[in-house]
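J.: Starting off with a structure, shown below.
2 protein chains.
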Amino acid sequence: MKALVQLHDGYSNTATGPNIEDMSPFVALQDVPKPEPGDGQALIKVHMSAVNPSDIHFIKGEYGQPRVKGMPAGFEAVGEVVAGDTPLKGQRVSFFADASGTWAEYAMTDAARLVPCRPDLSEVDAAGQLVNPLTAIAMFDIVKESGADSFVLNAAGSQLGKLMIALGRDHGIKPIAVIRRAEQAAALRDLGAAEVIVTSEDDPLGQAQPIFKSLKPRILLDAVGDQFTSDLFFAMPSHARWVNYGKLSTETPALGQLGQMIFQGKVIEGFWLTRWMKQVDPARIPAAFMEIQERFVSGKWTTDVAGIVPLSEAMEKLPEVLAKPDGKAFIDPRS
Amino acid sequence: MKALVQLHDGYSNTATGPNIEDMSPFVALQDVPKPEPGDGQALIKVHMSAVNPSDIHFIKGEYGQPRVKGMPAGFEAVGEVVAGDTPLKGQRVSFFADASGTWAEYAMTDAARLVPCRPDLSEVDAAGQLVNPLTAIAMFDIVKESGADSFVLNAAGSQLGKLMIALGRDHGIKPIAVIRRAEQAAALRDLGAAEVIVTSEDDPLGQAQPIFKSLKPRILLDAVGDQFTSDLFFAMPSHARWVNYGKLSTETPALGQLGQMIFQGKVIEGFWLTRWMKQVDPARIPAAFMEIQERFVSGKWTTDVAGIVPLSEAMEKLPEVLAKPDGKAFIDPRS
Chain A
1021 MKALVQLHDG YSNTATGPNI EDMSPFVALQ DVPKPEPGDG QALIKVHMSA VNPSDIHFIK
1081 GEYGQPRVKG MPAGFEAVGE VVAGDTPLKG QRVSFFADAS GTWAEYAMTD AARLVPCRPD
1141 LSEVDAAGQL VNPLTAIAMF DIVKESGADS FVLNAAGSQL GKLMIALGRD HGIKPIAVIR
1201 RAEQAAALRD LGAAEVIVTS EDDPLGQAQP IFKSLKPRIL LDAVGDQFTS DLFFAMPSHA
1261 RWVNYGKLST ETPALGQLGQ MIFQGKVIEG FWLTRWMKQV DPARIPAAFM EIQERFVSGK
1321 WTTDVAGIVP LSEAMEKLPE VLAKPDGKAF IDPRS
Chain B
1021 MKALVQLHDG YSNTATGPNI EDMSPFVALQ DVPKPEPGDG QALIKVHMSA VNPSDIHFIK
1081 GEYGQPRVKG MPAGFEAVGE VVAGDTPLKG QRVSFFADAS GTWAEYAMTD AARLVPCRPD
1141 LSEVDAAGQL VNPLTAIAMF DIVKESGADS FVLNAAGSQL GKLMIALGRD HGIKPIAVIR
1201 RAEQAAALRD LGAAEVIVTS EDDPLGQAQP IFKSLKPRIL LDAVGDQFTS DLFFAMPSHA
1261 RWVNYGKLST ETPALGQLGQ MIFQGKVIEG FWLTRWMKQV DPARIPAAFM EIQERFVSGK
1321 WTTDVAGIVP LSEAMEKLPE VLAKPDGKAF IDPRS
């Protein structure tokens, strides 16, 4: 089968962020043997793979698990189960590949983790229903538990940001959206952002202060990890939690007011979907997928598509699709 | 009565650390009216007041509660209850002053928070039994809950550091002591430190790495808040918690490997005794004081005295006693 195969093992010990201009140092399009499912595994013919920032971190050796040279890259996809230790053969499933990656004609994973798809769920919604939507549901549980009726999120114009804003809108918890480009503001307000802070404008911290004073958010959902995020955290009210889940910035943020950890009970922590899935009540996960599929099918969530790239052309075309300011990139291995 | 009275209200918005060369910008020795206890309050004739870093932070306007101009400074002391709404009149008590400070002939506090002292508890042990010993007991609860059989503490040569090391020794949880001055190392090893990392020597992070690999500590108790502490935290194993409870350094530490919050489940938080006392099971507090007094009387803990300064000479003499490398400073308002 054709696959985008990793060229390196392990970690790179770099921290260059999830941007990419040239794939060729990291992966190559190769013919490799179709994986053969063992006990408890399922083989899936891939229909469409969603490309996430974590995929780019991963191929660059900057993600929380080591690369394996010669193994196809790509974490999530939708496809048809064609073989393996599962009653779901012949069915369309979303899945997270843990044995052979999704940037390939066939991928392999733990059969217990397949997510059957409603027939009315579109291919792009199905391809991307694990990483971003499940992260949004899981992090929104943290927001709800905080008891506040607002929350702060940065990179708010990202796909995940938009999912979070729609969740806030639908649950009456006001999203405070932090974005870099002012031209995204109107669309995010239309979607449901109660407030928008634009970091490229004058004094973004000054924009934030009256908003925080009035709305009293407790949770900061952070995909950026830069100095402004740290400053924003220390401008939040007592008992604020900075929940970092991504690193779009290569800055190393300094803690300007460490004393707030002591006197205001503030906390800095991380969110990783992989850990959440191990720790959460197992019944939460199928319930979350029911909710995710219902939200997409009913139009409460939509997937913005930046481009769908054939597997055979992904080496050249994926970087330019990923560089688009809005929307998500997909790889189609059938074409 | 004579008292060291605060010269400023509120906060200073500076961050200069708990060192002091000159008291005169912050407090003055004055004659002020003896406080009159109201409902639920007790008046105590002060025998001896312990001077802690938090007192110095406080008079400089850098602590978590606002100063009150004209009010005596000083948080903790031992003395005799002479008036108020309490059956403890005539008894010797340790206390934390919340209504009129302890750097004075008389202090006032909530009568419910008086701690009766065993007759065999010495005056210096009694004067300082609240802030440091209760903090040590409370933070050691965090260490025990971590499940690891070692923990890391910096400023390990401080009074609080020595209390923590002795607790580790007596409970079989190995203290990994971080200190600045190599000459403290032998004494801390004698006291019970399993390992000592000296930050003024070559490559302290290199010293720490094999120790962390072998002992796998989960808790970092931090009174310093400098860049080395941040680097040390990121060198610790997965699920490490950086518990900051003091700010001896004026550095603003940068988070060099924020991704560990995500992938290794690390957490940065603060410890404040005031919050702990509100949140803990109320039965824990009298039990802790029984344990604290028993530990001092039996010699499991000792108070190192840097000097006892008469109240009338404290303006001039306290800074030089506080500048001594070892031991604790006290103010005696009877002389």
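Residue numbers (our numbering), protein chains in the order written: chain A, 1021 to 1355; chain B, 1021 to 1355. Cβ atoms here follow ideal geometry from the backbone N, Cα and C, with glycine treated the same way. Being a predicted model, the structure only gives us computed values, none of them experimental.
Can you list, in chain order, the residues of its chain whose CB lies under 8 Å from that of Pro1045 (chain B), leaving out five sequence neighbours each side?
T.: Within the second sequence, residue 1045 (chain B) is the residue found at index 25, counting from 1. Cβ within range, chain order: Leu1027.
J.: Around the Cβ of Thr1270 (chain A), are there at least 16 other Cβ atoms within 10 angstroms (buried) or fewer (exposed)?
T.: Within the first sequence, numbered from 1, the residue matching residue 1270 (chain A) stands at position 250. With fewer than 16 Cβ atoms within 10 Å of its Cβ, Thr1270 (chain A) is classed as exposed.
J.: Within 10 Å of its beta-carbon, does Asn1174 (chain B) have 16 or more other beta-carbons around it, so buried, or fewer, so exposed?
T.: Numbered from its first residue, the second sequence carries residue 1174 (chain B) at position 154. Buried, since its Cβ has 16 or more Cβ neighbours within 10 Å.
J.: Quick one: what's got a C-beta closer than 8 Å to Ile1231 (chain A)'s C-beta in the same chain, skipping five residues either side?
T.: What you label residue 1231 (chain A) is simply residue 211 of the first sequence in a count that begins at 1. The answer, listed in chain order, is Ile1196, Glu1215 and Ile1217.
J.: Classify Lys1337 (chain B) as helix, strand or coil using the three-state DSSP reduction.
T.: Sequence index remark: in the second sequence, residue 1337 (chain B) carries index 317 (1-based). If DSSP states are grouped into helix, strand and coil, Lys1337 (chain B) belongs with the helices.
J.: Against chain A, which members of the stretch 1249 to 1275 of chain B pass a CB distance test of less than 7 Å?
T.: Of all residues in the stretch 1249 to 1275 of chain B, Asn1264, Tyr1265, Lys1267, Thr1272, Pro1273, Ala1274 and Leu1275 have a Cβ within less than 7 Å of some Cβ in chain A.
J.: How do the stretch 1028 to 1044 of chain B and the stretch 1069 to 1088 of chain B stand: do at least 3 beta-carbon pairs fall below 8 Å, yes or no?
T.: They touch, by the three-pair rule.
J.: Using a cut-off of 9 Å between C-beta atoms, extract the partners of Arg1295 (chain B) located in chain A.
T.: Taking the second sequence and counting its residues from 1, the one referred to as residue 1295 (chain B) is at position 275. What Arg1295 (chain B) touches in chain A: Ile1282, Phe1283 and Gly1285.
J.: Using the Cα positions of Asn1264 (chain A) and Asp1242 (chain A), report the straight-line distance between them to the nearest angstrom.
T.: For this step, residue 1264 (chain A) is matched to residue 244 along the first sequence. For this step, residue 1242 (chain A) is matched to residue 222 along the first sequence. Asn1264 (chain A) and Asp1242 (chain A): Cα-Cα distance of roughly 5 Å.
J.: Comparing C-alpha positions only, which one of A:Asn1033, A:Ile1305 and A:Val1066 sits nearest to Gly1279 (chain B)?
T.: As a first step, residue 1279 (chain B) must be located in the second sequence, where it is residue number 259. Of the listed residues, the one whose Cα sits closest to Gly1279 (chain B) is A:Asn1033.
J.: Val1052 (chain A) to Glu1311 (chain A), Cα distance in whole Å?
T.: As a position in the first sequence, residue 1052 (chain A) is number 32, starting the count at 1. As a position in the first sequence, residue 1311 (chain A) is number 291, starting the count at 1. Val1052 (chain A) and Glu1311 (chain A): Cα-Cα distance of roughly 37 Å.
J.: Residues of chain B with a CB under 7 Å from the CB of Gly1245 (chain A): which are they?
T.: Counted from its first residue, the first sequence places residue 1245 (chain A) at position 225. The contacting residues are Leu1278.
J.: Of the residues B:Gly1090, B:Gly1266 and B:Ser1166, which one's Cα is nearest the Cα of Trp1292 (chain B)?
T.: Here residue 1292 (chain B) refers to the residue found at position 272 when the second sequence is read from its first residue. Checked all of B:Gly1090, B:Gly1266 and B:Ser1166; the closest Cα to Trp1292 (chain B) is B:Gly1266.
J.: Does the stretch 1088 to 1105 of chain A touch the stretch 1055 to 1068 of chain A, meaning 3 or more C-beta pairs lie closer than 8 Å?
T.: Cβ pair count under 8 Å is three or more, so yes.
J.: How is Thr1294 (chain A) classed by DSSP in three states: helix, strand or coil?
T.: On the first sequence, residue 1294 (chain A) is found 274 positions in, with the first residue counted as 1. The answer is helix: DSSP assigns Thr1294 (chain A) an H, G or I state.
J.: Could one say the Cβ of Gly1099 (chain A) lies closer than 9 Å to chain B's Cβ atoms, at least one of them?
T.: The residue you call residue 1099 (chain A) lines up with position 79 of the first sequence. No, Gly1099 (chain A) lies away from the interface with chain B (no Cβ there is under 9 Å from its Cβ).
J.: What would DSSP say about Asp1210 (chain B), mapped onto helix, strand or coil?
T.: Here residue 1210 (chain B) corresponds to residue number 190 of the second sequence, with the count starting at 1. In this structure, Asp1210 (chain B) counts as helix in the three-state DSSP scheme.
J.: Taking 9 Å as the CB-CB cut-off, is Tyr1083 (chain A) touching chain B?
T.: Here residue 1083 (chain A) refers to the residue found at position 63 of the first sequence. Yes, because at least one Cβ of chain B sits closer than 9 Å to the Cβ of Tyr1083 (chain A).
J.: Below 8 Å on the Cβ atoms is my contact criterion, and I expect Ala1097 (chain B) with Thr1272 (chain A) to pass it. Report the Cβ-Cβ distance as a whole number of Å.
T.: As a working note, residue 1097 (chain B) is residue 77 in the second sequence. As a working note, residue 1272 (chain A) is residue 252 in the first sequence. Actually they are not in contact, since the Cβ atoms of Ala1097 (chain B) and Thr1272 (chain A) sit about 43 Å apart, beyond 8 Å.
J.: What beta strand (DSSP E) runs, 3 residues minimum, are completely inside the stretch 1195 to 1268 of chain A?
T.: Counting only runs of 3 or more, we get 1215 to 1218, 1239 to 1242 and 1261 to 1264.
J.: Identify the contact partners of Glu1289 (chain A) in chain B, using a Cβ-Cβ distance below 7 Å as the criterion.
T.: The residue you call residue 1289 (chain A) lines up with position 269 of the first sequence. Simply Met1281 and Val1287.
J.: Are the C-beta atoms of Ala1035 (chain B) and some chain A residue less than 9 Å apart?
T.: Your numbering for residue 1035 (chain B) matches position 15 in the second sequence. Judged by the 9 Å Cβ criterion, Ala1035 (chain B) is in contact with chain A.
J.: Under the three-state reduction of DSSP, which class applies to Phe1316 (chain B): helix, strand or coil?
T.: By 1-based counting over the second sequence, the position of residue 1316 (chain B) is 296. Note: Phe1316 (chain B) maps to helix in three-state DSSP.
J.: May I ask you to list the residues that DSSP assigns as paired with Leu1173 (chain A)?
T.: Along the first sequence, read from residue 1 onward, the residue named residue 1173 (chain A) stands at position 153. Answer is A:Ala1197 and A:Leu1241.
J.: Got a sec, what are the start and stop residues for the beta strand (DSSP E) Arg1189 (chain B) sits in?
T.: Position 169 of the second sequence, counting from 1, holds the residue named residue 1189 (chain B). Taken as a continuous stretch (DSSP letters only), Arg1189 (chain B) belongs to no beta strand (DSSP E), being part of the alpha helix (DSSP H) at Gln1179 to His1191.
J.: DSSP three-state call for Glu1114 (chain A): helix, strand or coil?
T.: If you number the first sequence from 1, residue 1114 (chain A) lands on position 94. Checking the sequence, you will find Ser at residue 1114 (chain A) rather than Glu. Strand.
J.: Nearest to Lys1236 (chain B) by CA position, among B:Ser1170, B:Trp1262 and B:Asp1145, is which residue?
T.: For the purposes of this step, residue 1236 (chain B) is taken as the residue at position 216 of the second sequence. Of B:Ser1170, B:Trp1262 and B:Asp1145, the residue nearest in Cα terms is B:Ser1170.
J.: Whose Cβ in chain A lies nearer than 7 Å to the Cβ of Trp1356 (chain B)?
T.: With chain B covering 1021 to 1355 only, the question about residue 1356 (chain B) has no answer from this structure.
J.: Would DSSP call Gln1284 (chain A) helix, strand or coil?
T.: Stepping through the first sequence from its first residue, residue 1284 (chain A) is reached at position 264. Residue state, collapsed to three classes: coil.
J.: Using a Cβ distance threshold of 8 Å, determine whether the stretch 1155 to 1172 of chain A contacts the stretch 1184 to 1202 of chain A, with at least three qualifying pairs required.
T.: Yes, the stretch 1155 to 1172 of chain A is in contact with the stretch 1184 to 1202 of chain A.
J.: Check this for me: beta carbons of Gly1177 (chain A) and Asp1346 (chain A), under 9 Å apart or not?
T.: Locating residue 1177 (chain A) in the first sequence gives position 157, counting from the first residue. Locating residue 1346 (chain A) in the first sequence gives position 326, counting from the first residue. Against a cut-off of 9 Å, the Cβ pair of Asp1346 (chain A) and Gly1177 (chain A) comes out as a contact.
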